[in-house]
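S.K.: Sequential numbering of the sequence shown, starting at 12, is according to the working numbering. Quick one: this structure, given as structure tokens, is what I'll be asking you about.
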Amino acid sequence: MMKILNHAMVLICSIVLMGLMGCGLQSSELEIGGHRMSDEGHSSRREHSSGSGVEVHQAWIRATPPNAKLSAAYLHLMNHTEEADALVSVSSPLAETAEIHNSIEQGGMMKMFRVERVEVPAKSMVAIKPGSFHVMLIGLKQQPQPGQTHVLMLHFEKAGMVKVEAKVLKSERAMDHGNQGHGSGHDHKQ
């Protein structure tokens, strides 16, 4: 019974968060030559490697409104090896737990669900981005605010753990879905 209540609470919180923050939004930054330029004029380069051919680029965490218990993290995974790998889990001191999720459009609504892994094929890049695969940060220990940096530990099947610093960015249009071609409803399934 307690497990059902916990899943229901995560479902409700996720729906509220995604409604507040918008799904499939891009940040209010411009990227030029691997550097992100924000509204405040900051520039930062995000590259991290485990030494085994997997690199993490452009890691960022969505800023949250006061009292939010959830946020999301996004990044690009580069596999420079001849062998496929997979992101199998994520952890962060920022949240009690982190889960890998995916979003798909179904019946005019975005549906979000937990996944066990994200495949990263050999010699390829996978985008962990709004409206697709993303990392849900659940049970925030503090509110991520623009300009802060927080650690994410990415656990890969073959490459092991890759530690990355992700900058907190605000969303450009918190309630506007733009031209994403989907409805405003969100259904989070566990």
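Glycine residues also receive a C-beta, built at the ideal position from the N, C-alpha and C atoms. Values in this document were obtained by computation on a predicted structure and should not be read as measured data.
Output needed for K169: all residues of its chain with C-beta closer than 6 angstroms, excluding positions within five of it in sequence on either side, in chain order.
M.R.: What you label residue 169 is simply residue 158 of the sequence shown in a count that begins at 1. Hits under 6 angstroms: D96.
S.K.: Measuring alpha carbon to alpha carbon, tell me which residue in V67, Y85, V101 is nearest M164.
M.R.: Indexing the sequence shown from 1 puts residue 164 at position 153. Among V67, Y85, V101, the Cα nearest to that of M164 is on V101.
S.K.: In the structure shown, what three-state DSSP assignment does V126 receive?
M.R.: Within the sequence shown, residue 126 is the residue found at index 115, counting from 1. Of the three classes helix, strand and coil, the one that applies to V126 here is coil, per DSSP.
S.K.: Thinking C-alpha only, which one of K181, K134, K80 is nearest P141?
M.R.: For the purposes of this step, residue 141 is taken as residue 130 along the sequence shown, with counting starting at 1. Comparing Cα positions, the closest option is K181.
S.K.: In the structure shown, what three-state DSSP assignment does T75 receive?
M.R.: As a first step, residue 75 must be located in the sequence shown, where it is residue number 64. Three-state DSSP puts T75 in coil, outside helix and strand.
S.K.: Do L86 and A70 have their CB atoms nearer than 9 angstroms?
M.R.: As a working mapping, residue 86 is identified with position 75 in the sequence shown. As a working mapping, residue 70 is identified with position 59 in the sequence shown. Yes, Cβ-Cβ distance for L86 and A70 is below 9 angstroms.
S.K.: Measure the C-alpha to C-alpha separation of K134 and L88 and round it to an integer number of angstroms.
M.R.: For the purposes of this step, residue 134 is taken as residue 123 along the sequence shown, with counting starting at 1. For the purposes of this step, residue 88 is taken as residue 77 along the sequence shown, with counting starting at 1. Going from the Cα of K134 to the Cα of L88 covers about 11 angstroms.
S.K.: Can you name, in chain order, every residue of its own chain whose Cβ lies under 7 angstroms from the Cβ of T108, other than the five neighbours on each side?
M.R.: As a working note, residue 108 is residue 97 in the sequence shown. Excluding residues within five positions, the ones whose Cβ falls inside 7 angstroms are I149, G150.
S.K.: What residue range does the beta strand (DSSP E) around G171 cover?
M.R.: For this step, residue 171 is matched to residue 160 along the sequence shown. Residues 171 to 180.
S.K.: Just how far apart, CA to CA, sit M172 and H166?
M.R.: Residue 172 sits at position 161 when you count from the first residue of the sequence shown. Residue 166 sits at position 155 when you count from the first residue of the sequence shown. Between M172 and H166, the C-alpha separation is close to 4 angstroms.
S.K.: Let me know the secondary structure DSSP gives G118 once reduced to three states.
M.R.: Within the sequence shown, residue 118 is the residue found at index 107, counting from 1. Looking at G118 - three-state DSSP - the assignment turns out to be coil, as it is neither helix nor strand.
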